[in-house]
Amino acid sequence: MSRYAVINPVTDELVAEYPTITDEELERALAATRAAQSSWARETTVRQRAALVARVGELHAERRRELAEIIVREMGKPIEQALGEVDFCADIYRYTAEVAPDCLADVEIGLPAGRALVRSAPLGVLLGVMPWNYPAYQVARFAAPNLAVGNTILLKHAPQCPQSAAFLERIFADAGLPAHAYTTVYATNEQVADLIADSRVAGVSLTGSERAGQAVAELAGRHLKKVVLELGGSDPFLLLGTDDLDATVDKAVTARIDNAGQACNAAKRMIVVDELYEEFAERFTRVFTALEPGDPTDPATRLGPLSSTAAAERLEEQLQRAAEHGATVRRAGPRRGTFFPPVVVTGVTPENPVHHEEFFGPVAVLYRARDEEEAVALANDTPFGLGSYVHTPDEEQARRVADRLEAGMVFVNEVDAEAVELPFGGVKRSGTGRELGHLAFNEFVNKKMIRLP
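Numbering-wise (our numbering), the sequence shown opens with residue 48 and increments by one.
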């Protein structure tokens, strides 16, 4: 049974608890969402729906402080990072509203005789299953384009984010969306399985763990439902060359430390060519381990606590296993509850069980590569394929390496460079499908071909 509760990660104290939805309430919510979808798609134009999506973004901007403080309370994100998350959400809704009419416009197909077109039509009711690490941003990525398309949404948020879930539902209502176009459900895993099996649900989008993705994909496949999955990542940071090592070290630290390292697309494996390794390792370790976790409500805090005691204990156990299999673990000090100091791990061999795992916290693994060839091989030696980072002043080398990386996203000489225009998603065990940018409009739609005489 899922327990929807806000537990302050700083104090481990229960702040609030929310009742799980009953089966009867869930049936009423699904029926109402299905009924709302028919009128939402039939009685509104893309431009009308886009205007409401834009209003959702405006309300995010107007209520940014209140929503950010909820995020801090629920999962411990530093307040400045939480405010940045809400601001990015506002941009997502704004951008989506601007480009929706063009992205969803009919596409004409020329024929020798007659003509045809492809029209984007909504699929129906969508189920979104969202995680705790970005309580507002993950919802925005999923909800903005799909509401513009004309789908309606049932949103099952992470059990530790019930307040942000309720706050977001109020924003959608206050923006003027019709009742049940967007509905929050505090559902159990068993109820989620029932929703996926229900013929009234047309598709499901999940952002979360590999295990959750496997369970959802299996159910969706069994019931022939479209699914989008954004799962884990163990993104490589390839340092092949640099004109400014200190600046590169700062970028590597930034790529690892945001959200206390609890980001799927954070740079988790630093792969450095031989001639730069020693100097990079010394500087990176010094700068990274000097960061101290602090009060997430303080605007000066860069590294907050982990999201929960359970998350901290999992990370501690993972580091212990790494050391037991021969890795060297360097840390500035001991863990204090959910406050986890930055950790640098070296000497991880392919035989070490953590070599193919994801560290979800402020842990950076350093690898030494003989040359570009070995660096690429190490980067691809992972079950994941979400993002990646390539640093080199040689543009030809950057393009060559980017082509060879088995990842959904490659950032060259930049970190923290996501944008509303850029599609987000991965390959391999990092999932399937894309969110953000123009590709977000291609997932939960019926690309209907209409042949005309």
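Don't be surprised by glycine CBs; every beta carbon is placed ideally from N, CA and C.
Values in this document were obtained by computation on a predicted structure and should not be read as measured data.
- Secondary structure note for residue 282: its beta strand (DSSP E) is the uninterrupted segment 282-286.
- Beta-bridge annotation (DSSP): residue 165 is paired with 154, 496.
- Annotated three-state conformation of residue 458 is strand, per DSSP.
- For residue 252, the uninterrupted beta strand (DSSP E) segment begins and ends at 248-254.
- The residue from 52, 322, 287, 315 with its alpha-carbon nearest to that of residue 447 is 287.
- If you look at residue 215, you'll find it in the alpha helix (DSSP H) that goes 209-221.
- In the displayed model, residue 356 falls within a helix according to three-state DSSP.
- Straight through space, the alpha carbons of residue 247 and residue 101 are spaced by roughly 28 Å.
- Counting every other CB atom within 10 Å of its CB across the protein chains shown gives residue 326 a total below 16, marking it as exposed.
- Looking at the DSSP output, residue 482 shares a beta bridge with 471.
- Per DSSP, the beta-bridge partners of residue 431 are 475.
- Under the criterion of beta carbons closer than 8 Å, residue 228 and residue 199 qualify as touching, at roughly 5 Å.
- Residue 61 carries a strand assignment under DSSP once its states are collapsed to helix, strand and coil.
- Beta bridge pairing from DSSP links residue 317 with 284, 413.
- Judged by their CB atoms, residue 491 and residue 203 are not nearer to each other than the 8 Å cut-off.
- Below 8 Å, enough C-beta pairs join the stretch 70-90 and the stretch 215-231 to call them touching: three or more.
- In the structure shown, the three-state DSSP call for residue 383 is strand.
- Beta bridge pairing from DSSP links residue 203 with 176.
- Counting along the chain, the unbroken beta strand (DSSP E) around residue 51 starts and ends at 51-55.
- Residue 227 sits in coil when the DSSP states are folded into three classes, being neither helix nor strand.
- In chain order, 99 place their CB closer than 6 Å to the CB of residue 224, counting only its own chain and leaving out the 5 sequence neighbours on each side.
- Under the three-state reduction of DSSP output, residue 124 falls in the coil class, being neither helix nor strand.
- According to the DSSP assignment, residue 184 belongs to the alpha helix (DSSP H) that extends over 184-196.
- Cβ-Cβ distances below 7 Å link residue 415 to 319, 321, 324 in the same chain, with the five nearest sequence neighbours on each side left out; the list follows chain order.
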